[in-house]
Amino acid sequence: MAALDGKAALVTGGSRGIGRAIVLRLAGDGATVVFSFKDNEDAAKQVLAEVEELGGEAFAVRADQGEPADLEELFAAAERHLDGLDILINNAASGVPTAILDATEEDYDRMMAVNAKGPFFAIQRAGRVLRDGGRIISISTLNTVMPTPGVAIYAASKAAVEQFTAVAAREFGGRGITVNTVSPGATDTELLRATNPPEALEQAAAFTALRRLGQPADVASVVAFLAGPDSGWITGQNLRATGGLLV
Ligand SMILES: NC(=O)c1ccc[n+]([C@@H]2O[C@H](COP(=O)([O-])OP(=O)(O)OC[C@H]3O[C@@H](n4cnc5c(N)ncnc54)[C@H](OP(=O)(O)O)[C@@H]3O)[C@@H](O)[C@H]2O)c1
91 MAALDGKAAL VTGGSRGIGR AIVLRLAGDG ATVVFSFKDN EDAAKQVLAE
141 VEELGGEAFA VRADQGEPAD LEELFAAAER HLDGLDILIN NAASGVPTAI
191 LDATEEDYDR MMAVNAKGPF FAIQRAGRVL RDGGRIISIS TLNTVMPTPG
241 VAIYAASKAA VEQFTAVAAR EFGGRGITVN TVSPGATDTE LLRATNPPEA
291 LEQAAAFTAL RRLGQPADVA SVVAFLAGPD SGWITGQNLR ATGGLLV
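Under this note's numbering, the first residue of the sequence shown carries the number 91, and numbering increases by one thereafter.
Spelled out as structure tokens, the structure:
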């Protein structure tokens, strides 16, 4: 029997990058997965095909995490496709770097809407419907403790998610629900490559104790552990899955 047989999971931003790896891993471990994407329907369909190849079951829903009505529709879709809910993975985020001197009010509002408000209301909705013993895992970033130029709003939005995690762990713990954050280091995705020049990626790999960039599957393994039965005594934590970029 696989670790997540019979479990129902909702993953935001599952069409590419780390979210895609999480969908494949959870589905491969036996969970039925509903995942959201924003624009990239072809990538979402590709993930559905890959899940089918694994012998798993998944459903894709277009839902912009920055739009409250879309989040409502995502949870309604999860209710239609899944028999209850055991696992929420808050993964989708906007990561466009903006220097403080250049940032507009619109940049600020949009990033906070997608990266902080969306995950907060996803945690609230999941908290209402998760079965006892459920799991909430949100993806943050090492930037909350290793800030670099351009990430002020991004890091602040993720710091909010880390705080939601800590408080939700206390609020939901009486039902055996664990709530944790996973903070990846430099992980080889389109987001990372779009926001960093190649020399910055080489530097990050060289400075990482394990001497390489993370792969999405490296992060998905950590998420799968926290989503699974062996992590029930871990809650309210921020697990830094960085290969030792920060030690
Ligand atoms: N890569 C890294 O080095 C790194 C490091 C630390 C933390 N993280 C965090 O890891 C998570 C995943 O990042 P990634 O590198 O995998 O990003 P990515 O390669 O850009 O993939 C982002 C995924 O999220 C979806 N998405 C983006 N904005 C969305 C929105 N407004 N509503 C719904 N879905 C949305 C995308 O959907 P479409 O395909 O439709 O665009 C895609 O599936 C993020 O929370 C990020 O902050 C990444």
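Positions of the beta carbon are idealized from the N, C-alpha and C atoms, including for glycine.
**Request:** Compute the Euclidean distance between the alpha carbons of Ala-256 and Phe-165, then round it to the nearest angstrom.
**Result:** Distance between the alpha carbons of Ala-256 and Phe-165 is about 23 Å.
**Request:** Using three-state DSSP, classify Glu-157 as helix, strand or coil.
**Result:** Coil, per DSSP.
**Message:** Under 7 Å: does the beta carbon of Arg-302 sit that close to some heavy atom of ligand 1?
**Reply:** Not under cutoff, so the answer is no.
**Asked** Under the criterion of a Cβ to heavy atom distance below 7 Å, does Ser-321 qualify as lining ligand 1?
**Response** Not so, every heavy atom of ligand 1 lies at least 7 Å from the Cβ.
**Asked** Taking the DSSP output, what are the residues bridged to Asn-328?
**Response** Note: Asn-328 sits in a beta bridge opposite Thr-271.
**Request:** Quick one: grab the DSSP three-state call for Val-241.
**Result:** Secondary structure of Val-241 (DSSP, three-state): coil.
**Request:** Take Ser-230 as the anchor and find which of Ser-247, Met-201, Asp-278 and Leu-336 has the nearest alpha-carbon.
**Result:** Of the candidates Ser-247, Met-201, Asp-278 and Leu-336, the one whose C-alpha sits nearest the C-alpha of Ser-230 is Ser-247.
**Asked** Under three-state DSSP, which class holds Leu-300?
**Response** If DSSP states are grouped into helix, strand and coil, Leu-300 belongs with coil.
**Asked** Just how far apart, CA to CA, sit Met-236 and Ala-183?
**Response** Taken atom to atom, the span from the alpha-carbon of Met-236 to that of Ala-183 is near 18 Å.
**Message:** Only counting the same chain, and skipping five residues up and downstream in sequence, which positions put a Cβ closer than 6 Å to that of Gly-318?
**Reply:** Excluding sequence neighbours, Gly-318 sits near Ala-93.
**Request:** Check the C-beta distance from Ser-126 over to Ala-159 and give it rounded, since I have them as a contact under 8 Å.
**Result:** Taking 8 Å as the upper bound for CB-CB distance, Ser-126 and Ala-159 are not in contact here, some 13 Å apart.
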